[in-house]
Structures are given as structure tokens and as C-alpha cells.
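According to the working numbering, the sequence shown is numbered sequentially starting from -3.
Below is one structure, written out as C-alpha cells, with a few remarks after it.
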Amino acid sequence: MIGEQVQQPLIPALATARRRPLSRRRGWLRRLSEQAITVIALLIAVVWSLPTLGLLISSFRPPSLISTTGWWTALLPPWQFTLQNYVQVITAQGLGRAFINSVIIAVPSTILPALIGSLAAFAFAWMRFPARNTIFFLIISLQIIPLQIALVPLLQIFTNIGLTGQYAAVWLAHTAFGLPFAIFLLRNFFAALPRDLLEAAYVDGASNFRLFWTIVLPLSLPALASLVIFQFLWVWNDLLVALIFLGGNPQNAPMTLTIASLVGSYGENDQVLTAAAFLSMALPLVIFFALQRYFIRGILAGSVKG
-3 MIGEQVQQPL IPALATARRR PLSRRRGWLR RLSEQAITVI ALLIAVVWSL PTLGLLISSF
57 RPPSLISTTG WWTALLPPWQ FTLQNYVQVI TAQGLGRAFI NSVIIAVPST ILPALIGSLA
117 AFAFAWMRFP ARNTIFFLII SLQIIPLQIA LVPLLQIFTN IGLTGQYAAV WLAHTAFGLP
177 FAIFLLRNFF AALPRDLLEA AYVDGASNFR LFWTIVLPLS LPALASLVIF QFLWVWNDLL
237 VALIFLGGNP QNAPMTLTIA SLVGSYGEND QVLTAAAFLS MALPLVIFFA LQRYFIRGIL
297 AGSVKG
């Protein structure tokens, strides 16, 4: 009996002593794996950023050096940098006017889908009407249809009503092509909002519009920011829609059309492409970094209910 009483407290102590090295080993492996993941992520980020860094450095190099040496040689002395490429692009090549045209095209083409899509998403998430789910499914199904299929009939319609070559044609086209994704993203986010909060507002006598404007929109800022980033980048980098609907009016051509026409058929004047490409990236980068804190929350909008 005495031996059993002595052995009983020893068994848990031995088990605990055996668990300690195992737990320490697991903790060390966990820290090692976290450090390895961090190092791999940093390496991917560096490799991913190298083309942008090379583009930036090349945009400040003389044309003779761009065609004869790699951009990494500019990091070693003697350093030879110039603003000639930017001056030539902005003044002689007309990229300044194209930049303004791109802003005129991109801002309404981003605001209109966000505004109309948020109104439609609120209706699909919180309002009751016949065939709501069927209509929502049909709208989402439009995302699988290539936009190239709609370009020819849209061009015929815009030509008949006199919109071809005008900003309004591009605004309407980008709004129509961007609405299915906007409704899909925002509807999922709106549906995940607390039901008790909205029902309390209904009990207090709030109308649907007031509920949408004062409660739903402020709470949906992450989703709206993500939608603005996606839509703005798509419109800003678009070449096909602008070429179809604005190709006949070079005065309204955006940067994508202007940059595509900088280099001739035989590759001459290619040194201005670096400066032109970096200028075209500047504004999207500013918008992305300004809204990046909302980006992750926005793209995960509605993925987890509750």
C-alpha cells in the first residue's frame, strides 16, 4: 500500500517531464516554420518588386544607356540620370493630355458601378421582392460572359445614337461590365451585417434609403474600398474598350492608347516607354496604398457569416 501511494504521484510527474521536451520541440519547430514562411514571403516580395524597380531606374537613364546596358548597372558609379525621358513623354508625346483623359474616364467609370451596385446589392440583401434570388443568380451569371461578345452590338448602338468617340460611351460600357462583380461583392457584405441593427432601425421608422445611406454604407467601407481598387485598376489599364469606343477620337484617348502608339512599327523611340509606363502606374499605386488597409477586409467580405 505504501509503495502504491509513492508510485501514484510519480506517474503524473514522469508524464509531465516527458511532455516538456516534446512541447519545447514543437514550439521550436513552430517558430522555425514561421521564420521560414517570413523569409520566403520577403523573397517573393523582392522578386515581385524587381521589375518595378528596374522600370523606375530605367526611366531616369539616358536613351543610349538603356539600349546598351542593363538597368542594374545604373546602381554603380558613375551615376548617370536624366529627366529627358519624362520631359519628352509629357511634352512632345502628349502624355500629359492622355493622363487627364484617363482620369476623366476612370473616375466616373469607378463611381457609377460602385453607386449603382451598392443600391442593387442592398435590395438583394435586405429587401423582399418576387424572384429575388433568381434575378441575383442571372446577374452573377453575366460574369462568365466575355465582354468581347458585347462589343459589336454596343458599338452599333452607340454609333446609332452618336456616342462613339465620346467619354460617355466608355463610362456606360465600363459601368455595364463592372456591375455584376460589384453587386456580387457588395451583396455578400451587406448580407453579413448584423440583422438586429437593421431591424432596430426599421422599428424606429427609418426608410430603406435612410437605412442604406446612414447605416449600411458607413459599415461597408472595406467592401467599397476593395471594389474601388478593382474597378479603378481595371478601367485605368483597359485598352480594348477605349480602343473600340474612342479609337476614332484621339483627343479623348487615354494613356493606354497613347502609350501603345509611342513606339513605331520598327521599335524606334522605345526609350520613352519606361517613363510612360511608370507615369501610368503612379496614380493606381497612390490609390492602392491609400486604401490598402481596407483591401483584405473587403475581399473577404461575406466569406464568413456572423
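Virtual Cβ for every residue (Gly too), placed ideally from N, Cα, C.
Bear in mind the structure is a predicted one, so any value in this text is a computation, not a measurement.
With 16 or more other Cβ atoms inside 10 Å of its own Cβ, residue 180 counts as buried.
Straight-line measurement puts the Cα of residue 106 at about 27 angstroms from the Cα of residue 52.
Residue 34 counts as exposed, since fewer than 16 other C-beta atoms from the protein chains shown sit within 10 angstroms of its C-beta. Between residue 287 and residue 225, the beta carbon gap of about 6 angstroms places them in contact (Cβ cut-off 8 angstroms).
By the Cβ test, the stretch 62 to 82 is not in contact with the stretch 192 to 209, since fewer than three Cβ pairs between them sit closer than 8 angstroms. If you draw a straight line from the Cα of residue 49 to the Cα of residue 42, it comes to about 10 angstroms. For residue 98, the enclosing alpha helix (DSSP H) covers residues 91 to 122. Residue 171 and residue 237 have their C-alpha atoms roughly 12 angstroms apart. Cα atoms of residue 26 and residue 36: separation of roughly 15 angstroms, rounded to the nearest angstrom.
Residue ranges of uninterrupted beta strand (DSSP E) with 3 or more members are absent from the stretch 133 to 188; none lies entirely inside it. Within the model, the alpha-carbon separation for residue 232 versus residue 197 is close to 39 angstroms. Here residue 169 is not near residue 193, since their CB atoms are 8 angstroms or more apart.
In the displayed model, residue 233 falls within coil according to three-state DSSP, outside both helix and strand. Cβ contact annotation for residue 272 (same chain, cutoff 8 angstroms, sequence separation greater than five): 85, 89, 91, 251, 254, 255 and 258, in chain order.
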